[in-house]
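Going by full-length UniProt numbering, 378 is the number at position 378 of the sequence shown; the sequence numbering is gapless.
For glycine and all other residues, C-beta sits at the position ideal for the given N, C-alpha and C.
Only a predicted model underlies this, so the values are computations on that prediction, with no experimental measurement involved.
Comments concern the structure below.
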Amino acid sequence: MNYIALRIISPRRISLGISVLFLVLFLLIPGQVSFAQDPPSPSQSESITLRGGTIHIGNGEIIENGHLLFDKGKINYVGDEAQDAERIIDVSGQHIYPGLIAPNTDIGLVEISAVRATRDFQEVGQYNPHVRALIAYNTDSRIIPTLRSNGILLSEVTPRGGIISGQSSLVQLDAWNWEDASVQDTAGIHLNWPSVYTYDSKNRRLKTSDKYEENVRSIEKYFQSAMAYGKRKDHANTNLRFQALSDVISANHPVFVHANNQKAMLDAIDWSERLGIRIVLTGAQDSWKIAETLAQKEIPVILASTQRLPGHTDTDITQPFQTPAQLEAAGVLWCFSHEGSWDQRNLPFQGGQAVGFGLDPEKAIQALTLSTARILGIDKRYGSLEAGKSATIVISDGDILDPKSSMILQAFIDGREVDLDNKQKKLYRKFAEKYGVLK
Numbered sequence: 001m002n003y004i005a006l007r008i009i010s011p012r013r014i015s016l017g018i019s020v021l022f023l024v025l026f027l028l029i030p031g032q033v034s035f036a037q038d039p040p041s042p043s044q045s046e047s048i049t050l051r052g053g054t055i056h057i058g059n060g061e062i063i064e065n066g067h068l069l070f071d072k073g074k075i076n077y078v079g080d081e082a083q084d085a086e087r088i089i090d091v092s093g094q095h096i097y098p099g100l101i102a103p104n105t106d107i108g109l110v111e112i113s114a115v116r117a118t119r120d121f122q123e124v125g126q127y128n129p130h131v132r133a134l135i136a137y138n139t140d141s142r143i144i145p146t147l148r149s150n151g152i153l154l155s156e157v158t159p160r161g162g163i164i165s166g167q168s169s170l171v172q173l174d175a176w177n178w179e180d181a182s183v184q185d186t187a188g189i190h191l192n193w194p195s196v197y198t199y200d201s202k203n204r205r206l207k208t209s210d211k212y213e214e215n216v217r218s219i220e221k222y223f224q225s226a227m228a229y230g231k232r233k234d235h236a237n238t239n240l241r242f243q244a245l246s247d248v249i250s251a252n253h254p255v256f257v258h259a260n261n262q263k264a265m266l267d268a269i270d271w272s273e274r275l276g277i278r279i280v281l282t283g284a285q286d287s288w289k290i291a292e293t294l295a296q297k298e299i300p301v302i303l304a305s306t307q308r309l310p311g312h313t314d315t316d317i318t319q320p321f322q323t324p325a326q327l328e329a330a331g332v333l334w335c336f337s338h339e340g341s342w343d344q345r346n347l348p349f350q351g352g353q354a355v356g357f358g359l360d361p362e363k364a365i366q367a368l369t370l371s372t373a374r375i376l377g378i379d380k381r382y383g384s385l386e387a388g389k390s391a392t393i394v395i396s397d398g399d400i401l402d403p404k405s406s407m408i409l410q411a412f413i414d415g416r417e418v419d420l421d422n423k424q425k426k427l428y429r430k431f432a433e434k435y436g437v438l439k
């Protein structure tokens, strides 16, 4: 028996056991393998007044040498009269903005785009109205602090892929987990409109897709079935997809229709009117062509990244830069968005670029704050610096739209002062110290 026992515990097994033991001990060493961010900031414990800065309300108005008082996470006063508080912050010569809002992002759903294991933004199947992006949101993403460093304090977390990708949610970017982060559990359903054109490889040109009309009819039939399902109370079999879609529509949440082509957008508008569904056009690269129609029908637009080339070879190369001013002039409710995950931190600079092509600077700020909040349905709490709203505030040493002068000094989410450090800053300090750059 002793011989058998010794044979069972072979040298190779002992070696493996020791290796596992060392691995466990290594993982237990504090600070050795820790990818979590610093803990979120505690709730506001004292009243704070920002004194003497230039206040950009977010609705197009400016207060020079203004004062802003907030307490318990809410703004109490915004104006030109001095306010007493337990803590006074002198912001003379600095700029105060509402926290910027990034719509239509996959923040917290992807860490490294090229690594499949870090991508969690798409579910299997074509119709997934029951999928909620919120429960996959990772508050420990290293990308999130880079957004806060550029003044982006809220984000719409959006699923991708398929025909109906799922439900997006609004989150604030300083939280322990997705429950704490949630600002609005359901912002709306995301629908990827069928492509009008397909590529003819034989003739090397685009042609109208033979299946376009069929695909549109399929979408309409699916929505009609879901809406009919929601009106009935007794069902022999439960259909979670239909139930989820019906619930979102009956709650008057919008359907975010992802479409860029002029015909696709007009068809989507006609489709929404037939079904009585509220939509928000997302992407909308050709929206400048139908700006008057969008304004007349009060269709909001989440504009795709403007830092790109035009979608057509016969279009002016600067058209993407001009589109914001054209939508604003036509009276369309619109806002900026950006692509990618790491690139989201550059969202405010699209506003600065649009200013160089005719957009008023304060309208650019509004398109990054209050207009976005209105489109996403959170404007009663966020998007502007007004009494009664959340104290979600950014303080910058320069123009937040200008990459050369923008330097975010402080930021508050619901009155909590948040950490503005990030991975890039830490790497800079590490190697600057190594090579004697820091003094």
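- Query: For F349, does the count of other Cβ atoms within 10 angstroms reach 16, so buried, or fall short, so exposed?
  - Reply: buried
- Beta carbon of N150, beta carbon of R381: below 8 Å? no
- By a C-beta neighbour count over all protein chains shown, 10 Å radius and 16 as the cutoff for buried, is K423 buried or exposed? exposed
- Beta-carbon proximity check, R160 vs D106, cutoff 8 Å: yes
- Would you identify the three-state DSSP class for T323, choosing helix, strand or coil? helix
- Residues near K434 in its chain [Cβ-Cβ closer than 6 Å; skip 5 each side]: none
- Query: Of all Cβ atoms in chain B, is any one closer than 8 Å to the Cβ of G108?
  - Reply: Here there is only one protein chain, and chain B is not present.
- Just tell me which of P300, G340 and A354 has its CA closest to the CA of V110. G340
- On the three-state DSSP scale, how would you describe N215? helix
- Task: May I ask you to report which of helix, strand or coil DSSP gives I135?
- Result: helix
- Query: Since D247 is in the alpha helix (DSSP H), which residue starts that stretch and which ends it?
  - Reply: L240 to S250
- Could you check what DSSP says for W334 in three-state terms: helix, strand or coil? strand
- Start-to-end residues for the beta strand (DSSP E) that takes in Q126: Premise fails: Q126 is in no beta strand (DSSP E) and is neither H nor E.
- Query: Do you know offhand how far F357's Cα is from P324's?
  - Reply: 9 Å
- Query: Looking only at C-alpha atoms, which of I395, Y137 and L100 sits nearest to T118?
  - Reply: Y137
- Query: Touching or not, the segment 64–73 and the segment 45–52, by the rule of three or more beta carbon pairs under 8 Å?
  - Reply: yes
- Exposure of L23, with buried meaning 16 or more beta-carbon neighbours within 10 Å: Only weak support is given to the placement of L23: the predicted model assigns it a pLDDT of 47, under 50, and the question is left unresolved by the model.
- Best match in A411, K74, L191 and E386 for proximity to I277 [C-alpha to C-alpha]: L191
- Query: Quick one: Cα of T198 to Cα of G311, how far?
  - Reply: 14 Å
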